[in-house]
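Chemist: Can you read through this structure? Questions will come right after.
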Amino acid sequence: MSAATTQAQDLLDFIDASPSPWHAIATLKQRLASLNFTHLEETACWPLQPGGRYYVVRDDSSIIIFVLGSRSLTDTGFKIVGAHTDSPGLRLKPNAAGIAENWIRLNVDIYGSPILATFTDRDLSLAGRISHKNHQGGVTTCLVRFDQALLRLPNLPIHLNRTVNDDGLKLQKHSELPLLLAAAVEKQLPALYFAELLQRHFGIKAETLLSWDLNVYDTQKGVFWGGQQEFIADSQLDNLASCHAGLSALLECSVLAPEATLVCAFFDHEEVGSESAKGADSNFLPDVLSTIAEATDAGKQAYQQMRARSFFISADMAHAYQPNFPLAFDENHKVVVNNGVVIKTHAGQRYSSESVSSALFANWCQYAEVPYQYYAHRCDMPCGSTIGPITAAKLGIRSVDVGSPLWAMHSIRESAGVWDHHYLIRVLKTFFTCRH
Numbered sequence: 010m011s012a013a014t015t016q017a018q019d020l021l022d023f024i025d026a027s028p029s030p031w032h033a034i035a036t037l038k039q040r041l042a043s044l045n046f047t048h049l050e051e052t053a054c055w056p057l058q059p060g061g062r063y064y065v066v067r068d069d070s071s072i073i074i075f076v077l078g079s080r081s082l083t084d085t086g087f088k089i090v091g092a093h094t095d096s097p098g099l100r101l102k103p104n105a106a107g108i109a110e111n112w113i114r115l116n117v118d119i120y121g122s123p124i125l126a127t128f129t130d131r132d133l134s135l136a137g138r139i140s141h142k143n144h145q146g147g148v149t150t151c152l153v154r155f156d157q158a159l160l161r162l163p164n165l166p167i168h169l170n171r172t173v174n175d176d177g178l179k180l181q182k183h184s185e186l187p188l189l190l191a192a193a194v195e196k197q198l199p200a201l202y203f204a205e206l207l208q209r210h211f212g213i214k215a216e217t218l219l220s221w222d223l224n225v226y227d228t229q230k231g232v233f234w235g236g237q238q239e240f241i242a243d244s245q246l247d248n249l250a251s252c253h254a255g256l257s258a259l260l261e262c263s264v265l266a267p268e269a270t271l272v273c274a275f276f277d278h279e280e281v282g283s284e285s286a287k288g289a290d291s292n293f294l295p296d297v298l299s300t301i302a303e304a305t306d307a308g309k310q311a312y313q314q315m316r317a318r319s320f321f322i323s324a325d326m327a328h329a330y331q332p333n334f335p336l337a338f339d340e341n342h343k344v345v346v347n348n349g350v351v352i353k354t355h356a357g358q359r360y361s362s363e364s365v366s367s368a369l370f371a372n373w374c375q376y377a378e379v380p381y382q383y384y385a386h387r388c389d390m391p392c393g394s395t396i397g398p399i400t401a402a403k404l405g406i407r408s409v410d411v412g413s414p415l416w417a418m419h420s421i422r423e424s425a426g427v428w429d430h431h432y433l434i435r436v437l438k439t440f441f442t443c444r445h
């Protein structure tokens with residue numbers, strides 16, 4: 010297998026082990042523990058050592074990983090790669106189970122902006138975390154995952170929806186999204202049925218159940234596809250692919266005793282605006298960076314110098330050109346799958362890139378011998394955003410928005426290129442190690 014294929018397979022394995030943001034952090038923690046990274050608690054003092062490898066987690070779904078460099082932070086600043094752990098989709102409501110006619114259904118909330126039609130006729134299940142009362146009378150939280158197909162959202166037959174191929178599938182968000190779970194028997198209480206289901210699978214007694222964060226996910230595993238198996242398809246490529254690329258680059262650089270302090274910051278809640286206690290718009294990253302600065306006996310002015318010398322790469326997926334829909338794209342910015350990492354620009358600052366940060370990233374691509382492309386949105390269409398502008402504004406750090414090309418962003422089944430993922434890892438490694 011080529012290095013690119015090996016990395017792509019590792020990405021698919023990472024995604025398939027991470028059907029929710031909480032599972033993504035658990036998977037990251039497993040990889041970090043095997044490489045002697047130390048878990049730091051926000052409630053404790055941090056005895057940081059030169060060359061040390063550390064990570065800190067907030068509320069089980071955001072993580073900041075860092076490796077202390079050999080040179081002074083006032084000389085090098087922080088080298089930061091940011092991404093997000095969440096993906097658009099469906100989340101279970103608190104009082105989810107209900108009966109319609111003779112069917113037990115689970116009611117869901119819409120998280121972010123998924124392409125809802127792609128959730129129909131899929132082998133769906135649930136994963137996330139559950140909070141329950143423990144034997145001491147306190148609250149315990151645990152990860153849960155139904156591995157088997159558990160739920161379904163069946164389409165109407167075309168005979169009952171004759172215009173679906175002309176008008177597209179449109180789902181009424183409140184009444185047509187509840188997921189089918191089981192056929193109800195006489196006098197069966199749906200909430201008790203679901204609680205007993207959780208108890209049977211995970212040993213959590215129904216009477217101790219308090220609350221949950223449960224994510225609807227597709228049980229189909231990731232695959233390679235294409236005439237030369239040069240593409241991959243999976244759920245959550247947006248944006249677990251960027252988390253995987255950032256982590257892969259950091260882990261490879263961490264064994265080289267880097268000169269600069271390297272940071273990966275992966276946040277939850279990007280898809281709903283980042284405004285939360287653990288999102289990119291929180292104090293999580295500023296607090297961690299200032300704590301690292303204080304541990305090196307730096308004063309306030311030195312911390313400002315560190316930030317001024319720092320650089321932030323916001324890594325998030327980019328819209329790949331789809332030849333069936335040419336009018337959806339700017340004709341001069343057609344990003345092609347497997348043709349290189351994408352530098353994303355927007356005059357309205359929906360992306361944080363500007364000419365200097367874009368030039369610096371392009372220069373790192375050239376050092377890494379990695380092809381790169383530029384993406385700009387059509388002027389007559391609203392543009393999405395990333396954690397880049399938020400983080401740049403909070404920290405005053407120069408930033409660029411980049412990512413790998415992606416087809417069907419926010420579908421339950423997205424596609425990307427094997428080589429693009431390899432290219433992104435290579436350029437992030439160059440960013441972490443290059444003095445230029």
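According to my numbering, the sequence shown is numbered sequentially starting from 10.
Glycine is no exception: its CB is placed at the ideal position from the N, C-alpha and C atoms.
(1) Can you have a look at Met390 and say buried or exposed, based on whether 16 or more other CB atoms are within 10 angstroms of its CB?
(2) For Phe233 and Ala26, I'd like the C-alpha separation in whole angstroms.
(3) The beta strand (DSSP E) that contains Thr149, what's its start and end?
(4) Are the CB atoms of Gly231 and Asp247 within a distance shorter than 8 Å?
(5) Ignore the nearest five residues each way along the sequence and tell me which others in Arg80's own chain have a CB closer than 6 Å to its CB.
(6) Assign Glu185 to one of three DSSP states: helix, strand, or coil.
(7) Nearest to Arg154 by CA position, among Phe338, Ala17, Glu50 and Gly212, is which residue?
(8) Are three or more beta carbon pairs between the segment 47-59 and the segment 292-311 nearer than 8 Å?
(9) Can you say whether Gly357 is buried or exposed, counting buried as having 16 or more other CB atoms within 10 angstroms of its CB?
(10) Drop a sphere of 10 angstroms on the beta-carbon of Cys262, count the other beta-carbons inside from all chains shown, and report buried for 16 or more, exposed for fewer.
(11) Across the segment 342-356 and the segment 372-386, are there enough close Cβ pairs to call them in contact, namely three or more that are closer than 8 Å?
(12) Residues in its own chain within less than 8 Å of Leu201 by CB, not counting five upstream and five downstream?
(13) Leaving out five residues before and five after Thr217 in sequence, what residues of the same chain have Cβ atoms less than 7 Å from its Cβ?
(14) Can the beta-carbon of Thr270 be found less than 8 Å from the beta-carbon of Leu135?
(15) Could you give the first and the last residue of the continuous beta strand (DSSP E) run that contains Leu218?
(16) Taking the beta strand (DSSP E) that Thr127 belongs to, which residues open and close that run?
(17) Going by alpha carbons, who is nearest to Leu41 out of Gln18, Ile73 and Arg67?
(18) Does the count of Cβ pairs from the segment 155-172 and the segment 117-130 closer than 8 Å reach three?
(19) Would you please state the rounded distance, in angstroms, between the beta carbons of Leu256 and Leu188? I believe it to be under 8 Å.
(20) Buried or exposed: where does Pro295 fall if 16 or more other Cβ atoms within 10 Å of its Cβ makes it buried?
(21) Taking the Cβ atom as the reference point for each residue, do His253 and Phe23 lie within a distance shorter than 8 Å?
(22) Three or more beta-carbon pairs under 8 Å between the segment 100-118 and the segment 336-350, yes or no?
(23) Buried or exposed: which applies to Glu423, given that a residue is buried once 16 or more other Cβ atoms fall within 10 Å of its Cβ?
(24) Look at Leu125 and Trp221 and say whether their C-beta atoms are less than 8 Å apart.
(25) Per DSSP, what kind of secondary structure is Glu423 in: helix, strand or coil?
(26) In chain order, what residues of the same chain lie with their CB nearer than 6 Å to the CB of Ser319, ignoring the 5 residues before and after it?
(27) Which residues does DSSP pair with Leu49 in a beta bridge?
(28) Would Phe334 pass as a contact of Ser408 if the rule is Cβ separation under 8 Å?
Modeler: Reading off the structure:
(1) Locating residue 390 in the sequence shown gives position 381, counting from the first residue. An exposed status is given to Met390, since fewer than 16 other beta-carbon atoms sit within 10 Å of its beta-carbon.
(2) As a working note, residue 233 is residue 224 in the sequence shown. As a working note, residue 26 is residue 17 in the sequence shown. Each residue's Cα considered, the two are about 17 Å apart.
(3) Here residue 149 refers to the residue found at position 140 of the sequence shown. Its beta strand (DSSP E) spans residues Val148 to Arg154.
(4) Indexing the sequence shown from 1 puts residue 247 at position 238. Indexing the sequence shown from 1 puts residue 231 at position 222. No, the Cβ-Cβ distance between Asp247 and Gly231 is not below 8 Å.
(5) If you number the sequence shown from 1, residue 80 lands on position 71. Within the same chain, Arg80 has close Cβ partners Glu268.
(6) Position 176 of the sequence shown, counted from the first residue, corresponds to residue 185. The answer is coil: DSSP assigns Glu185 none of H, G, I, E or B.
(7) Working through the sequence shown from its first residue, we reach residue 154 at position 145. Ranking Phe338, Ala17, Glu50 and Gly212 by Cα distance to Arg154 puts Gly212 first.
(8) With three or more CB-CB distances shorter than 8 Å, the segment 47-59 counts as touching the segment 292-311.
(9) By 1-based counting over the sequence shown, the position of residue 357 is 348. It counts as exposed.
(10) In the sequence shown, residue 262 corresponds to position 253, counting from 1. So Cys262 ends up on the buried side.
(11) yes
(12) Position 192 of the sequence shown holds residue 201. If we look at Leu201 and ignore the five residues flanking it on each side, its Cβ neighbours are Ala215.
(13) Position 208 of the sequence shown holds residue 217. Counting only Cβ-Cβ distances below 7 Å, and skipping sequence neighbours, we find His141 and Lys142.
(14) Indexing the sequence shown from 1 puts residue 270 at position 261. Indexing the sequence shown from 1 puts residue 135 at position 126. No, Cβ-Cβ distance for Thr270 and Leu135 is not below 8 Å.
(15) Along the sequence shown, one-based indexing puts residue 218 at 209. Segment Leu218 to Asp227, the beta strand (DSSP E) holding Leu218.
(16) Numbered from its first residue, the sequence shown carries residue 127 at position 118. Looking at the DSSP string, Thr127 is not in any beta strand (DSSP E), and its letter there is neither H nor E.
(17) As a first step, residue 41 must be located in the sequence shown, where it is residue number 32. For Leu41, the nearest C-alpha among the options comes from Ile73.
(18) yes
(19) Position 247 of the sequence shown, counted from the start, is the residue given in the question as residue 256. Position 179 of the sequence shown, counted from the start, is the residue given in the question as residue 188. Not a contact, Cβ separation roughly 32 Å.
(20) One-based indexing of the sequence shown puts residue 295 at position 286. By the 10 Å Cβ count, Pro295 comes out exposed.
(21) Mapped onto the sequence shown, residue 253 falls at position 244. Mapped onto the sequence shown, residue 23 falls at position 14. Against a cut-off of 8 Å, the Cβ pair of Phe23 and His253 comes out as a contact.
(22) No, the segment 100-118 does not touch the segment 336-350.
(23) By one-based count along the sequence shown, residue 423 stands at place 414. Per the 10 Å Cβ criterion, buried.
(24) As a first step, residue 125 must be located in the sequence shown, where it is residue number 116. As a first step, residue 221 must be located in the sequence shown, where it is residue number 212. For Leu125 and Trp221, no; Cβs fall outside 8 Å.
(25) Here the question's residue 423 lines up with position 414 in the sequence shown. Looking at Glu423 - three-state DSSP - the assignment turns out to be strand.
(26) The sequence position of residue 319 within the sequence shown is 310, counting from 1. Closer than 6 Å at the Cβ level, and outside the excluded window around Ser319, lie Gly86, Phe87 and Ile406.
(27) On the sequence shown, position 40 is the one that residue 49 refers to. Looking at the DSSP assignment, Leu49 forms a beta bridge with Val65.
(28) Along the sequence shown, read from residue 1 onward, the residue named residue 334 stands at position 325. Along the sequence shown, read from residue 1 onward, the residue named residue 408 stands at position 399. No. Outside cutoff.
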